[in-house]
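Down below is the structure, laid out as structure tokens.
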Amino acid sequence: MTVWLKNPELLINYTNTIKKHFSLGKAVRIGESAIVSTKVHGTVPGKPGTVFVLCQADAGKTFYGIPEEGKVVHLDLFHDIAELEPKIIADHIKISLENYNGWLNTQDLFWQFEYMDLQTAKGGGKLNGLLNYGKTTELKKSHLNHVHLAIKLEPNFYFLLFHIVDGIEKGIISQGCGLKKIEFIKHRTSQINKASLPAGQVVSTDSCLSKGIENYRQYADYGIQKNYGKLINLVEELGDYQEVEQIINYFLRPVGSYLAESWADKQFFNGEKVIKTMIKLNLIQKYRGIYELTGEGKSFLGWFCRFKSELELDFNKLTLQSTKSGLKLCRKNYSLKTSKKNKGRRNRKSVTSADALGWIEDLSSVETVKNMVKNYKLNGSRTLKRRDIMVYNREKTYPIDVCIILDASISMSGKPIRAAKSFIRYLSVNNKNRIGIVVFQENRVTAKLVFTKNVLTIKRFLTQIRPKGLTPLAAGLEEGLKLCQSSRLNNPVLLLITDGQPTIGKWTDLPDKDAIKVVQKIAKSKIKFCCIGLQADKEFLQKLAEEARGILYLVDEIDQKVLTAIFKRER
Numbered sequence: 001m002t003v004w005l006k007n008p009e010l011l012i013n014y015t016n017t018i019k020k021h022f023s024l025g026k027a028v029r030i031g032e033s034a035i036v037s038t039k040v041h042g043t044v045p046g047k048p049g050t051v052f053v054l055c056q057a058d059a060g061k062t063f064y065g066i067p068e069e070g071k072v073v074h075l076d077l078f079h080d081i082a083e084l085e086p087k088i089i090a091d092h093i094k095i096s097l098e099n100y101n102g103w104l105n106t107q108d109l110f111w112q113f114e115y116m117d118l119q120t121a122k123g124g125g126k127l128n129g130l131l132n133y134g135k136t137t138e139l140k141k142s143h144l145n146h147v148h149l150a151i152k153l154e155p156n157f158y159f160l161l162f163h164i165v166d167g168i169e170k171g172i173i174s175q176g177c178g179l180k181k182i183e184f185i186k187h188r189t190s191q192i193n194k195a196s197l198p199a200g201q202v203v204s205t206d207s208c209l210s211k212g213i214e215n216y217r218q219y220a221d222y223g224i225q226k227n228y229g230k231l232i233n234l235v236e237e238l239g240d241y242q243e244v245e246q247i248i249n250y251f252l253r254p255v256g257s258y259l260a261e262s263w264a265d266k267q268f269f270n271g272e273k274v275i276k277t278m279i280k281l282n283l284i285q286k287y288r289g290i291y292e293l294t295g296e297g298k299s300f301l302g303w304f305c306r307f308k309s310e311l312e313l314d315f316n317k318l319t320l321q322s323t324k325s326g327l328k329l330c331r332k333n334y335s336l337k338t339s340k341k342n343k344g345r346r347n348r349k350s351v352t353s354a355d356a357l358g359w360i361e362d363l364s365s366v367e368t369v370k371n372m373v374k375n376y377k378l379n380g381s382r383t384l385k386r387r388d389i390m391v392y393n394r395e396k397t398y399p400i401d402v403c404i405i406l407d408a409s410i411s412m413s414g415k416p417i418r419a420a421k422s423f424i425r426y427l428s429v430n431n432k433n434r435i436g437i438v439v440f441q442e443n444r445v446t447a448k449l450v451f452t453k454n455v456l457t458i459k460r461f462l463t464q465i466r467p468k469g470l471t472p473l474a475a476g477l478e479e480g481l482k483l484c485q486s487s488r489l490n491n492p493v494l495l496l497i498t499d500g501q502p503t504i505g506k507w508t509d510l511p512d513k514d515a516i517k518v519v520q521k522i523a524k525s526k527i528k529f530c531c532i533g534l535q536a537d538k539e540f541l542q543k544l545a546e547e548a549r550g551i552l553y554l555v556d557e558i559d560q561k562v563l564t565a566i567f568k569r570e571r
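The opening residue of the sequence shown carries number 1 in this note's numbering; numbering runs sequentially from there.
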């Protein structure tokens, strides 16, 4: 074990192996005596040295009732028959982690220990607790041959498992007990019942693993405001939550939390600004030519990873709220046909009585109360009847699939490209239909995403987009048209987001005419076309939208609120 901990390259390789096996629902042996997985596993009488892994039983869901799978890592380390003191094991785990000089500091370790549950034949509980729970006869008997640990651990921190195993091994040996080798690991993929589960794996009464948002609120008293403020500053300076997440993931590499100045621009879109912002927030400092995390930086990263899911949800809510304010939009419609009505939008001016309806939904509380008051004044009735209940009418709905043709030329650098990415992420979360993306820059289409509903796929695709080069508009338009024509779509919409005129043609030296030629094809295809561009290029964009028989929005700047408001207007 010590050899692995002192060899970063070996540690990275084994960490990647763990990630791969966990993604396949399989277990991994660490050393000779420890087994880790995100599943339930254990031994059966008569087969010493063989561990059975129940691939259909998620550890977090089985032990703690956590609905999302893969959040809890299950670790068992086998030893000779003995009643081991859980406090001694816990102390050695803490020492092993404290000796690691990576991203962890004292503050982060305290919270990491809160999310570890330990069990031996003499008791257990959360690692940072009294460890005086789990003393039933069944639990004690089932843990005579192994130490059980359940840990809430993100994939980026799987390398800590090696340090934890090292601590457990030392804790066992210090009590005069020998380690037991795991000879075989058997994976069972068949459906299971409760009788198949290993005995004694029960949540400790002081466990934090199943409390969820309660612990999130407790953490508010533990520096959350300070770290949340830093996160907001990072997002405001760099313009995008996902870009901030990408930066944080870079500093979470097992090899160390540092960044060479020469690598900054290679790793991030605007490396110089990233460095300046993180220095300003006291997250990194320069030491011997490289940038490394400060104590505050390590604490911030630990906090971010612990509450990553909650934070992403918060920022998604902020995005939704920021799109609700009314915006005046400069809209020009060159389409020959009227656009279809909005999908499922509640019509607040149109209500009807629920008397003739079956199931009541979309209750209009104001109109219903008005009816009650009216009936009381007319006949003194205090009873609410079905005919008094008023509900909103819903307009007929039409699903749509959106193909976004995105200008990623150098002029889109900074706020415009960040706004476009945020807008696309917003669509991926809130649009029930599919999204396709065509990215054009330099002298060609450089990236294409076929129509999909997968939010994660869309997010990963967006991280690859970095503005550079010229504006080959005709190439982007033609590829977008081909993508729509080669797919079976529901009311397809081609949405062009650009900040200027084309600077390079596809067939000729006249980029404007090449672009016009393509939009004429779009008009003939009868695919709805919508263009969002800057007021500065008004004349060309009007011509483009007119030839496409589409809709044009002229804006002062590419902004996410504007983009979202436009999409809502056109749905």
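By construction, the Cβ of each residue, glycine as well, lies at the ideal position given by its N, Cα and C atoms.
- Annotation: Thr-463 to Pro-511 spans about 28 Å, alpha carbon to alpha carbon.
- Ser-409 is positioned such that its CB atom lies no closer than 8 Å to that of Leu-495.
- Between the segment 552 to 560 and the segment 508 to 526 there are fewer than three C-beta pairs closer than 8 Å, too few to call the two in contact.
- When rounded, the separation of the alpha-carbon atoms in Trp-303 and Asn-227 is 7 Å.
- Collapsing the DSSP output to three states places Gln-560 in a helix.
- Taking Lys-94 as the centre and dropping the five residues before and after it, the same chain places the C-beta of Leu-109, Phe-113, Leu-127, Gly-167 closer than 8 Å to its C-beta, in chain order.
- Judged by DSSP secondary structure, Ile-522 falls outside any beta strand (DSSP E) and instead within the alpha helix (DSSP H) spanning 511 to 525.
- Residue range 86 to 99 is occupied by the alpha helix (DSSP H) that includes Asp-91.
- Minimum Cα-Cα distance from Ala-150 among the listed residues His-79, Phe-423, Val-40, Leu-252 corresponds to Val-40.
- DSSP places Phe-159 outside both helix and strand once states are collapsed to three, so it counts as coil.
- Thr-446 sits in a strand when the DSSP states are folded into three classes.
- Ranked by how close their Cα comes to the Cα of Asn-16, the residues Gln-485, Lys-374, Arg-488, Phe-159 have Phe-159 in first place.
- Taking 8 Å as the cut-off, the beta carbon of Val-72 is found no closer than this to the beta carbon of Ile-185.
- In this structure, the straight-line span from the alpha carbon of Leu-238 to that of Gln-441 is close to 22 Å.
- In the three-state reduction of the DSSP assignment, Cys-403 falls in the strand class.
- Under a 10 Å Cβ-count criterion, Asp-556 is classified as exposed, with fewer than 16 other Cβ atoms of the shown protein chains found around its own Cβ.
- With contacts defined as CB atoms closer than 8 Å, Arg-444 and Ala-475 qualify as a contacting pair.
- Asn-249 and Val-519 have their C-alpha atoms roughly 41 Å apart.
- Collapsing the DSSP output to three states places His-143 in coil.
- Counting along the chain, no beta strand (DSSP E) covers Asn-132, and no H or E run does either.
- In this structure the segment 453 to 467 does not touch the segment 369 to 385; the number of beta carbon pairs closer than 8 Å is below three.
- Excluding residues up to 5 positions away in sequence, Pro-467, Thr-471, Asp-499, Gly-500 lie with their Cβ nearer than 8 Å to the Cβ of Ser-411 in the same chain.
- Of the candidates Lys-280, Tyr-258, Leu-252, Phe-300, Tyr-258 places its Cα closest to the Cα of Ile-290.
- For Gln-285, the uninterrupted beta strand (DSSP E) run begins and ends at 284 to 287, by DSSP.
- Among the bridge pairs identified by DSSP, Thr-457 is matched with none.
- A distance below 7 Å between beta-carbons, with the five flanking residues on each side excluded, links Phe-423 to the following residues of its chain, in chain order: Gln-560, Leu-563, Thr-564.
- Counting other Cβ atoms within 10 Å of its Cβ, Gln-485 stays below 16 and is therefore classed as exposed.
- Comparing C-alpha distances from Val-455 to each of Gln-242, Glu-539, Arg-569 shows the shortest one belongs to Gln-242.
- Per the coordinates, the alpha-carbon of Gly-380 lies some 9 Å from the alpha-carbon of Lys-374.
- With respect to Leu-283, Lys-230 sits close: the two C-beta atoms are nearer than 8 Å.
- Here Val-438 is not near Lys-453, since their CB atoms are 8 Å or more apart.
- Between Tyr-115 and Lys-152, the C-beta spacing is below 8 Å.
- Within 10 angstroms of the beta-carbon of Tyr-376 lie fewer than 16 other beta-carbons, which makes it exposed.
- Around the C-beta of Arg-387, fewer than 16 other C-beta atoms lie within 10 Å, and the residue is accordingly described as exposed.
- Counted as a single uninterrupted DSSP element, the stretch harbouring Leu-489 is not any beta strand (DSSP E), since DSSP gives it neither H nor E.
- Note that the C-beta distance between Ser-37 and Phe-22 is below 8 Å.
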